[in-house]
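A quick write-up on the structure given underneath.
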Amino acid sequence: MFPEILIIIILSGIFLVLVLSLIREKRQNRPEEESSYLDETDLEDDRTPCPLCGKKLHRGERVHSQIYSKGEDRLMNIYGCPWCYPAHPAGARKPERERRCPSCGLPMKEGSFAVARVFERPGRKMHVHVLGCPVCRNSR
Ligand SMILES: [Zn+2]
Ligand SMILES: [Zn+2]
1 MFPEILIIII
11 LSGIFLVLVL
21 SLIREKRQNR
31 PEEESSYLDE
41 TDLEDDRTPC
51 PLCGKKLHRG
61 ERVHSQIYSK
71 GEDRLMNIYG
81 CPWCYPAHPA
91 GARKPERERR
101 CPSCGLPMKE
111 GSFAVARVFE
121 RPGRKMHVHV
131 LGCPVCRNSR
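Heads up: the sequence shown at position 97 corresponds to 97 in our numbering, and the numbers run straight through without jumps.
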């Protein structure tokens, strides 16, 4: 009888170790999930080109944008990156690049901005769909 109890104890011990290692694996995966979750609010990740001038942005360079709600919609005003938007909060870079509307391709006037619809899906990367500039949005 005694050896049987021993086998049961050993088996349950192995089971416990397996469960613990599974839990540990899940924990180790979590930081990755969290960092990709952070990317959702980060439209301007370092490999994303500026939507207005197409410049591939370096780490730390950001597209100046403003998210706001209009009724049920989440909208975003896109002003441009430091290379194409002279009034960028981080300061302008030279040489200055031309801003073009991603939708109609026309050069954008000073003080103008592109409007985009923002799709925020829990657990997934934020999706931004450019609607256009004031010129092409009003002509539709
Ligand atoms: Zn730009
Ligand atoms: Zn346009």
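Built from N, CA and C at the ideal position, the CB exists for glycine as well.
Asked, Found
"V135 - containing beta strand (DSSP E), residue span", "Run containing V135: none in the beta strand (DSSP E); it sits in the alpha helix (DSSP H), P134 to N138."
"Residues sharing a beta bridge with V118, DSSP", "V128"
"Neighbour-count burial assignment, A90, 16 or more Cβ in a 10 Å radius", "exposed"
"Extent of the continuous beta strand (DSSP E) to which G80 belongs", "D73 to G80"
"Distance between L6 and R124 (C-alpha atoms, nearest Å)", "48 Å"
"Limits of the beta strand (DSSP E) - the one that Y85 falls within", "Where Y85 is concerned, there is no enclosing beta strand (DSSP E), given that its DSSP letter is neither H nor E."
"S65 classed as buried or exposed, judged by whether at least 16 other C-beta atoms fall within 10 angstroms", "buried"
"Same chain only: Cβ atoms within 7 Å of G132, ignoring 5 sequence neighbours per side", "C101, S103, C104, A114 and V115"
"P3, DSSP secondary structure in three states", "helix"
"Helix, strand or coil at G111 according to DSSP, with G and I counted as helix", "coil"
"beta-carbon L75 near ligand 2 non-hydrogen atom, thresh 7 Å", "no"
"Neighbour-count burial assignment, L52, 16 or more Cβ in a 10 Å radius", "buried"
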